[in-house]
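Protein chains in written order, with the working numbering: chain Z, 2 to 380; chain F, 6 to 402.
Using N, Cα and C, we set each Cβ at its ideal position, and we do this for glycine too.
This report concerns only the one structure given below.
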Amino acid sequence: MPLYHNEDQAMLADTARGFIAEEGNIAKQLRHWRDRNCKDGFGHGLWKQMAEMGFTGMLVDEADGGLGMGHVEAGIVLEEIGRNLTPSPFLTSSVLAATALKHGSDDLKGRYLPGLIAGDSVFAVAIDETAKHRPSRIATRAEKSGNGFRLTGSKSFVIHGSSSDMIVVAARTSGGDEDADGITLFAVPKDASGMSHDAVRLVDSSMATHTRFDGVELDGDAVIGEIDGGRAVLDAMLLAGRVGAAAEGVGVARGAMDMTVDYLKQRKQFGKLIGEFQALQHRASHLYSEVEIARAATIKAQQLLDGGSAHADLMASVAKAKVAKTARLAVQEGVQMHGGIGMTDEYDIGLYMKRDRALAEFLGDAHFHANRVAELSGY
Amino acid sequence: MADLETFRADTRIWLEANCPPEMREPVRDESDIYWGGRRATFKNDAQKAWLEACVAKGYTVPSWPQAYGGAGLSPAEAKVLREEMARIGARPPLSSFGIWMLGPALLHFGTEGQKQRFLNEIARGEIRWCQGYSEPGSGSDLVSLQTFGEDKGDSWVVNGQKVWTSYADHADWIFCLVRTDKDNKYGGITFMLFDMASPGVTTKPILLISGNSPFCETFFDDVTVPKSYGDDCPAYVGEINRGWDVAKYLLGHEREMISGADGGDRTAGIGAAMKRHASKLGDDLDPVLRAELAMFDVDALAYTAMGEKFLDEIKVGKAHPAQPNMMKYAGTELNKRRHELMMAVGGSRSLEWDSDATEGGKPSRSWLRTKANSIEGGTSEVMLNVIAKRILDLPGA
Numbered sequence: 002m003p004l005y006h007n008e009d010q011a012m013l014a015d016t017a018r019g020f021i022a023e024e025g026n027i028a029k030q031l032r033h034w035r036d037r038n039c040k041d042g043f044g045h046g047l048w049k050q051m052a053e054m055g056f057t058g059m060l061v062d063e064a065d066g067g068l069g070m071g072h073v074e075a076g077i078v079l080e081e082i083g084r085n086l087t088p089s090p091f092l093t094s095s096v097l098a099a100t101a102l103k104h105g106s107d108d109l110k111g112r113y114l115p116g117l118i119a120g121d122s123v124f125a126v127a128i129d130e131t132a133k134h135r136p137s138r139i140a141t142r143a144e145k146s147g148n149g150f151r152l153t154g155s156k157s158f159v160i161h162g163s164s165s166d167m168i169v170v171a172a173r174t175s176g177g178d179e180d181a182d183g184i185t186l187f188a189v190p191k192d193a194s195g196m197s198h199d200a201v202r203l204v205d206s207s208m209a210t211h212t213r214f215d216g217v218e219l220d221g222d223a224v225i226g227e228i229d230g231g232r233a234v235l236d237a238m239l240l241a242g243r244v245g246a247a248a249e250g251v252g253v254a255r256g257a258m259d260m261t262v263d264y265l266k267q268r269k270q271f272g273k274l275i276g277e278f279q280a281l282q283h284r285a286s287h288l289y290s291e292v293e294i295a296r297a298a299t300i301k302a303q304q305l306l307d308g309g310s311a312h313a314d315l316m317a318s319v320a321k322a323k324v325a326k327t328a329r330l331a332v333q334e335g336v337q338m339h340g341g342i343g344m345t346d347e348y349d350i351g352l353y354m355k356r357d358r359a360l361a362e363f364l365g366d367a368h369f370h371a372n373r374v375a376e377l378s379g380y
Numbered sequence: 006m007a008d009l010e011t012f013r014a015d016t017r018i019w020l021e022a023n024c025p026p027e028m029r030e031p032v033r034d035e036s037d038i039y040w041g042g043r044r045a046t047f048k049n050d051a052q053k054a055w056l057e058a059c060v061a062k063g064y065t066v067p068s069w070p071q072a073y074g075g076a077g078l079s080p081a082e083a084k085v086l087r088e089e090m091a092r093i094g095a096r097p098p099l100s101s102f103g104i105w106m107l108g109p110a111l112l113h114f115g116t117e118g119q120k121q122r123f124l125n126e127i128a129r130g131e132i133r134w135c136q137g138y139s140e141p142g143s144g145s146d147l148v149s150l151q152t153f154g155e156d157k158g159d160s161w162v163v164n165g166q167k168v169w170t171s172y173a174d175h176a177d178w179i180f181c182l183v184r185t186d187k188d189n190k191y192g193g194i195t196f197m198l199f200d201m202a203s204p205g206v207t208t209k210p211i212l213l214i215s216g217n218s219p220f221c222e223t224f225f226d227d228v229t230v231p232k233s234y235g236d237d238c239p240a241y242v243g244e245i246n247r248g249w250d251v252a253k254y255l256l257g258h259e260r261e262m263i264s265g266a267d268g269g270d271r272t273a274g275i276g277a278a279m280k281r282h283a284s285k286l287g288d289d290l291d292p293v294l295r296a297e298l299a300m301f302d303v304d305a306l307a308y309t310a311m312g313e314k315f316l317d318e319i320k321v322g323k324a325h326p327a328q329p330n331m332m333k334y335a336g337t338e339l340n341k342r343r344h345e346l347m348m349a350v351g352g353s354r355s356l357e358w359d360s361d362a363t364e365g366g367k368p369s370r371s372w373l374r375t376k377a378n379s380i381e382g383g384t385s386e387v388m389l390n391v392i393a394k395r396i397l398d399l400p401g402a
C-alpha cells in the first residue's frame with residue numbers, strides 16, 4: 002500500500018480540515034471553554050456535530066452501526082484536531098474506548114456504542130496509576146464479589162474522567178502488580194457508587210481526574226473481554242491510542258510550524274523580514290524535515306495497524322516517540338522565533354507548547370517509547 | 006498482480022540459475038565491487054559470470070529500455086527484482102556513475118544517437134565514467150565554475166581544474182561542466198562528454214582523512230573536445246550553454262542516491278546489532294549509550310518510513326520537487342550519527358587503523374568517510390537553503 006492517502010482518504014482529509022478549522026478552531030473552542038472555566042474543558046455541541054459528520058463512530062464496525070473505517074482515517078481527523086488544538090473527547094472515546102469495546106460483549110456494545118455514534122456519550126480510559134505511563138504495572142484490584150467484582154484502587158491522568166459516561170478501567174483480578182497476566186478490563190458507568198473524581202485542570206486547559214475506586218461494585222457483564230485475559234485488550238487499546246496520539250501530535254507540530262513560518266514572513270527587524278535571516282531559515286528547514294519524517298512514520302504505523310501487521314507495535318512506538326520529539330521541537334522553535342509575543346497569552350503559539358506537553362505525556366512520552374523500541378528490537 | 010507474481014517466480018528461478026554463490030556474499034571491500042570500463046579486471050570467474058548473465062538479461066540497468074541495454078522493467082517489476090536480489094543477498098553486478106548519473110541525464114536530455122551509443126556501453130560495463138563538477142573555487146557555489154572551453158568552430162579547447170572527481174584516475178570518460186560563455190553565469194555552461202585519455206588531461210588522487218583516495222584533482226591543459234562524435238551524437242548533453250539545466254536535474258538524482266532513499270540497510274535500526282557487537286567485545290551496552298541508540302533507532306526507523314513514502318510519492322508525481330533536498334539532508338545527518346554511535350560501541354577496538362581484527366581499520370575509516378556525506382552532492386547547509394526557498398518560501402532565501 003503506498004504511503005500516502007488514497008482518493009477517499011484525501012477527500013476525508015479535505016472535509017475534516019475544512020470542518021475542524023471552521024468549527025473546532027482555537028477561538029471557538031479552546032479559548033472559548035478555557036475562558037469560561039468550563040468543567041468539561043470541551044464543547045458538547047462540537048461533539049454532536051462531529052457525530053453528524055460520522056467521525057465519532059468511524060472506528061466502530063459497520064455491524065455495530067459505525068463506519069468501519071481504519072486508523073488512517075481516524076488519524077486524518079486527529080491530525081486536524083491537533084492542528085486546531087481542538088479540545089475533544091475523540092481520542093479517548095472514539096479511538097481508545099471504541100477499540101476496547103470491539104472486544105466487548107454484544108450487550109456492552111449495545112449499551113455504549115449507540116451513544117458514542119450519536120455524539121451523546123463521552124468515554125475515558127483509566128490506565129496510569131503513577132505520574133508516568135507504566136502499563137506493565139497495574140495495582141488497582143478487582144475482587145470477585147457475588148456475580149460481579151469489587152474494584153479498589155486509584156488511577157491518574159484520566160482525561161475527561163469526570164465528564165465521561167463510562168470509563169474503561171484496567172484492573173488486576175489475579176497475580177502480582179507487575180504480572181503480565183491477571184488483568185481484566187471493565188466498563189465502569191459514571192454513576193457507579195464508590196467511584197470518586199478529583200478533577201484537575203492541566204496546563205493545556207484540558208480536564209483530567211485522579212479517580213478513586215473504593216469498593217466499587219460491578220456486575221459481571223461490565224467485563225470487557227476475558228477475565229484475567231485483559232492484557233491483550235489493553236495492549237490493543239494502547240496500540241490504537243498511541244497511533245492516534247501520534248497523529249494528533251503531527252497536527253500540533255504542523256500547526257505550530259505553519260504559524261511560525263508565517264510569522265517569519267511578516268515580522269520585520271533591522272529593516273528586514275526576519276525570515277530573511279539564514280540562522281532562522283536553517284532552523285525552519287530542519288524543523289520541516291523532522292515534521293515530514295514524523296508524519297511518514299505515523300502514516301506507516303496507521304497502515305501497519307490497519308493491515309494487522311506484527312510490526313505495528315514497533316512502528317507505533319517509533320511514531321509516538323518521533324512525533325513527541327518533533328512536536329516538542331516545533332513548539333519550542335515556535336515560541337522562540339515569535340520572540341516576546343510568543344510568551345503572551347494573546348498569541349496562540351504558546352497554546353501549542355502547552356498542548357504538546359500534555360499530549361506527549363499521554364500514553365507514554367518519547368523516553369518511554371524509545372525504550373520500548375529498544376526492547377522490541379531486542380536490546 | 007498475477008503477472009507480478011509470475012514475474013517474481015520467474016525471477017527467482019533465473020536468479021537461482023544465474024547468480025553464483027560467491028556473488029551472494031556480502032561485499033567485503035572495494036575489490037568486490039565491479040565498476041567496469043576499459044581497464045577493468047574481474048576479481049574472479051563468478052564476478053565475470055554474474056555480470057555477463059545480467060548484461061544478457063538487461064539486469065545491470067533493469068528499468069532502462071531494452072533498446073539501450075536495459076530490461077524495460079516497470080517500476081513494480083524493478084521493485085520485485087530488487088526484493089528478490091536482496092532476498093538472496095545478490096550483489097549488484099555492476100556499479101557505475103554511468104548507471105546512476107549520466108544514464109538518467111541521457112535518458113532525459115540525450116539524442117537518440119547518444120542513447121544508442123553511450124547507454125549501451127554503460128549497460129554492458131564497457132565504459133567507466135567520472136563526474137567533473139566541483140572546482141577549487143566552486144563548491145557549494147557550483148555555478149561560479151571557471152573551467153573554460155574556448156570555441157574553435159568544430160571543437161572546444163578546454164582549460165581549467167576540477168576537484169573531488171570520484172575515481173577520475175580509473176575513469177575512461179568524463180561528463181563535465183564547462184563554461185562556454187563567460188558573460189552568462191547560469192546560461193553559459195555546457196555539459197560536455199569527453200575521453201579522459203585525451204591529451205592534456207591529468208589526474209592526481211587526493212588523500213583523505215580516512216586514508217583512502219576515492220577522489221582526484223583533475224587538470225585540463227588545452228584539451229581538445231570535438232563538438233560531435235558522429236551522426237546525431239553531439240559531445241554535449243542538452244544544448245550548448247544550457248548545461249546547468251542538466252546539472253540541476255542530475256543533482257536531484259545524486260541527492261536521492263546519497264540520501265539512501267532507494268533502500269539499503271543503512272537507515273534501519275542498529276541497536277540490536279550493537280548489543281551483539283558489544284557482547285562480542287566482552288561488554289554490555291552502557292545505559293546512556295543504549296538510550297542514545299534507542300533514540301537513534303527511532304529516528305532511523307522513522308526515516309525509513311519517510312524514504313518509502315518519498316518513493317511512493319515520486320512514482321505518482323506527488324512529491325514536492327525539492328523534497329530530495331530534505332531527504333539528502335536528513336539521510337546524511339542520520340548516517341553520520343549512526344557511525345558516531347558505532348564508534349562509541351566499538352570503544353578502543355574501533356580506533357585500530359590497520360589491524361586484522363578491524364580488517365584494516367574499517368570502523369574508523371568508514372566513520373571518517375561519512376563526514377563527507379553532508380558535504381558532497383550539496384552540503385547540508387545548501388540543502389537547508391533550498392528547503393527554505395523552495396518549500397517554505399521564506400523571503401530572500
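Based on Cα-Cα distance, which residue from the options lies nearest to residue i?
i        : options                                   : result
Gly214/F : Ala362/F, Glu30/F, Lys376/F and Arg395/F  : The displayed chain sequence assigns Ile, not Gly, to residue 214/F. Measuring from the Cα of Ile214/F, the nearest candidate turns out to be Lys376/F.
Asp349/Z : Gln270/Z, Val332/Z, Leu360/Z and Glu362/Z : Val332/Z
Gly66/Z  : Ile118/Z, Glu376/Z and Ser194/Z           : Ile118/Z
Ala128/F : Tyr172/F, Leu147/F, Lys84/F and Pro70/F   : Pro70/F
Pro368/F : Asp359/F, Asp361/F and Ser355/F           : Ser355/F
Ser146/Z : Tyr5/Z, Asp222/Z and Arg356/Z             : Asp222/Z
Trp358/F : Glu244/F, Gly216/F, Met300/F and Gly336/F : Gly216/F
Arg329/Z : Asp215/Z, His368/Z and His312/Z           : His368/Z
Thr208/F : Phe220/F, Leu198/F, Ala393/F and Phe199/F : Phe220/F
Leu152/Z : His104/Z, Thr212/Z and Asp182/Z           : Thr212/Z
Gly94/F  : Pro31/F, Asn340/F and Thr384/F            : Pro31/F
Leu281/Z : Glu338/F, Asn390/F, Ala299/F and Glu318/F : Asn390/F
If the cut is a Cβ gap below 8 angstroms, which residues of chain Z does residue i touch?
i        : result
Lys280/F : Gly379 and Tyr380
Lys232/F : Near Lys232/F there are no residues of chain Z at all, since even the closest Cβ is about 41 angstroms away, more than 8 angstroms.
Is any heavy atom of the ligand SAH found at a distance shorter than 6 angstroms from the C-beta of residue i?
i        : result
Leu288/Z : Among the ligands in the structure shown, none appear at all, so the ligand SAH cannot be discussed.
Give me whichever residues DSSP pairs with residue i in a beta bridge.
i        : result
Leu186/Z : Ala171/Z and Ile225/Z
Val228/F : Val163/F
Trp178/F : Trp134/F and Asp200/F
Pro210/F : Cys221/F
Val126/Z : Val169/Z
Gly352/F : Gly352/F pairs with nothing; no bridge assigned.
Leu286/F : Partner(s): none; Leu286/F has no beta bridge.
What do you reckon, are the CB atoms on residue i and residue j nearer than 7 angstroms?
i        : j        : result
Gly165/F : Phe153/F : yes
Arg18/Z  : Glu81/Z  : yes
Arg84/Z  : Arg255/Z : yes
Thr299/Z : Val251/Z : yes
Arg133/F : Ala176/F : yes
Val262/Z : Leu397/F : yes
Glu117/F : Asp237/F : yes
Phe315/F : Leu346/F : no
Arg358/Z : Leu86/Z  : no
Pro64/F  : Ala76/F  : The amino acid occupying residue 64/F in the given sequence is Tyr; Pro does not appear at that position. Yes, they are a contact pair.
Please list the partners that residue i has in chain Z, where partner means a Cβ-to-Cβ separation under 7 angstroms.
i        : result
Gly274/F : Ser378
Val303/F : Val319, Ala322, Lys323, Ala371 and Val374
Arg295/F : Ala375 and Tyr380
Met300/F : Ala371
Lys323/F : Tyr5
Name, please, each residue of chain F whose Cβ falls closer than 7 angstroms to the Cβ of residue i.
i        : result
His287/Z : Leu389
Gly276/Z : Leu399 and Pro400
Along chain F, which residues have their Cβ under 8 angstroms away from the Cβ of residue i?
i        : result
Tyr264/Z : Near Tyr264/Z there are no residues of chain F at all, since even the closest Cβ is about 11 angstroms away, more than 8 angstroms.
Ser290/Z : Met331, Tyr334, Ala335 and Ile392
Against residue i, what residues of chain Z qualify as contacts under a CB-to-CB distance less than 9 angstroms, listed in chain order?
i        : result
Glu386/F : Gln279 and His283
Practice task
Just list the alpha helix (DSSP H) runs in the region 311-347 of chain F, keeping only unbroken ones of 4 residues or longer that don't cross its boundaries, in chain order.
Solution key: DSSP runs (the alpha helix (DSSP H)) wholly in the region 311-347 of chain F: none.
Practice task
Jot down the residue ranges of each uninterrupted beta strand (DSSP E) in the region 25-77 of chain Z, minimum 3 residues, whole runs only, in chain order.
Solution key: If only uninterrupted beta strand (DSSP E) runs of at least 3 residues are considered, none is enclosed by the region 25-77 of chain Z.
Problem - Runs of beta strand (DSSP E) lying entirely within the region 203-279 of chain Z, each at least 3 residues, in chain order - result: Fully enclosed beta strand (DSSP E) runs of 3 or longer: 208-219.
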